[in-house]
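Novice: So the sequence shown is numbered by the working numbering: it starts at 664 and just counts up by one.
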Amino acid sequence: MKKALIVLVFVSVSLFSCKDKELSTEEGILKIEKTLQENFDKDFEVYQLSLNASTLESNLDNISRVYKVKDIFFNDKFEYNGFTDPIKSPGVNLLKRKNPFKVGQVDVSIIPAKYDEALGLLKEKGLFKEDVDYLLNNWVFEADKNGDVFSEFDVQYETGSSSSGKVITIIYEEYRFRVNKDNTLIFIK
Numbered sequence: 664m665k666k667a668l669i670v671l672v673f674v675s676v677s678l679f680s681c682k683d684k685e686l687s688t689e690e691g692i693l694k695i696e697k698t699l700q701e702n703f704d705k706d707f708e709v710y711q712l713s714l715n716a717s718t719l720e721s722n723l724d725n726i727s728r729v730y731k732v733k734d735i736f737f738n739d740k741f742e743y744n745g746f747t748d749p750i751k752s753p754g755v756n757l758l759k760r761k762n763p764f765k766v767g768q769v770d771v772s773i774i775p776a777k778y779d780e781a782l783g784l785l786k787e788k789g790l791f792k793e794d795v796d797y798l799l800n801n802w803v804f805e806a807d808k809n810g811d812v813f814s815e816f817d818v819q820y821e822t823g824s825s826s827s828g829k830v831i832t833i834i835y836e837e838y839r840f841r842v843n844k845d846n847t848l849i850f851i852k
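1. Roughly how far, in whole angstroms, is the beta-carbon of valine 712 from the beta-carbon of valine 769, given that I think they are within contact range, below 8 Å?
2. Report the three-state DSSP secondary structure of glycine 853 (helix, strand or coil).
3. Helix, strand or coil: how does DSSP classify glycine 823 here?
4. Do lysine 844 and phenylalanine 816 have their beta-carbon atoms positioned less than 7 Å apart in this structure?
5. Under 8 Å by Cβ, that's how I've got isoleucine 831 and phenylalanine 840 pegged, so tell me the actual separation to the nearest angstrom.
6. Taking the alpha helix (DSSP H) that tyrosine 778 belongs to, which residues open and close that run?
7. Compare the C-alpha of isoleucine 750 against each of Asp739, Tyr743, Asn801 and name the closest.
8. Is the Cβ-Cβ distance between glycine 705 and valine 771 less than 7 Å?
9. Is the segment 780-787 close to the segment 822-837, with three or more CB pairs under 8 Å?
10. Go to asparagine 725, then tell me how far its beta strand (DSSP E) extends in each direction, as first and last residue.
11. Closest by CA to aspartate 734, which one among Ser721, Asp779, Val709, Gln819?
12. Who are the near neighbours of glycine 810 in its chain, counting only those whose CB is closer than 6 Å to its CB and skipping five residues on each side?
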């Protein structure tokens with residue numbers, strides 16, 4: 664019984680270790696920075712680094728990366744218990760045209776400010792709804808053809824829901840933004 668309780672406590676702590684890392688808050692970003700420093704080699708070259716949350720959530724679910732070994736692209740994820748096994752990455756033709764960058768070039772500290780700026784941009788465009796929660800769902804870092812790091816992110820919001828028996832369907836929409844190498848924010852859609 665005691666052994667089962669210890670295992671249960673360990674699993675509970677492990678499962679929720681990434682759940683307090685909200686992508687849109689400064690406190691969450693500090694924890695994400697620490698996770699990157701402790702688990703990622705800053706000189707490791709990647710073609711894409713993504714901070715991912717579940718749909719309609721802002722808490723970090725995993726950090727995924729795309730990298731190349733001997734001309735083969737791989738994708739793996741860092742989750743609450745370490746890295747998943749690498750798999751061959753889909754979309755190889757798209758990746759061949761991209762340049763690699765080092766994990767250490769990524770600046771996650773800009774995320775809360777750019778999230779707030781994105782909400783302001785939605786207000787300017789008349790797209791912002793006061794009674795809606797806008798959730799930062801993912802943030803993807805890549806490099807352009809010159810090797811300069813830029814990022815794209817999605818802001819999601821719920822537009823409705825329905826239920827039928829035990830099935831609940833949530834309808835949501837999202838807006839996409841891009842942060843250029845000079846930290847300018849662009850509304851994509």
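All C-beta atoms, glycine included, are put in the ideal place defined by N, C-alpha and C. In this text the structure is predicted, and so the values were computed from the model without any measurement.
Specialist: In this structure, then:
1. Per the sequence shown, the amino acid found at residue 712 is leucine instead of valine. About 6 Å separates the beta carbon of leucine 712 from that of valine 769, a gap short enough to meet the 8 Å contact definition.
2. With the chain covering only 664 through 852, there is no way to say anything about residue 853.
3. Annotated three-state conformation of glycine 823 is strand, per DSSP.
4. no
5. Between phenylalanine 840 and isoleucine 831 the Cβ distance is about 29 Å, and since that is not below 8 Å, they are no contact.
6. 774-787
7. Asp739
8. The amino acid occupying residue 705 in the given sequence is lysine; glycine does not appear at that position. No, the pair does not count as a contact, with Cβ atoms beyond the cut-off.
9. no
10. 723-732
11. Val709
12. Same-chain partners within the cutoff: Asn762.
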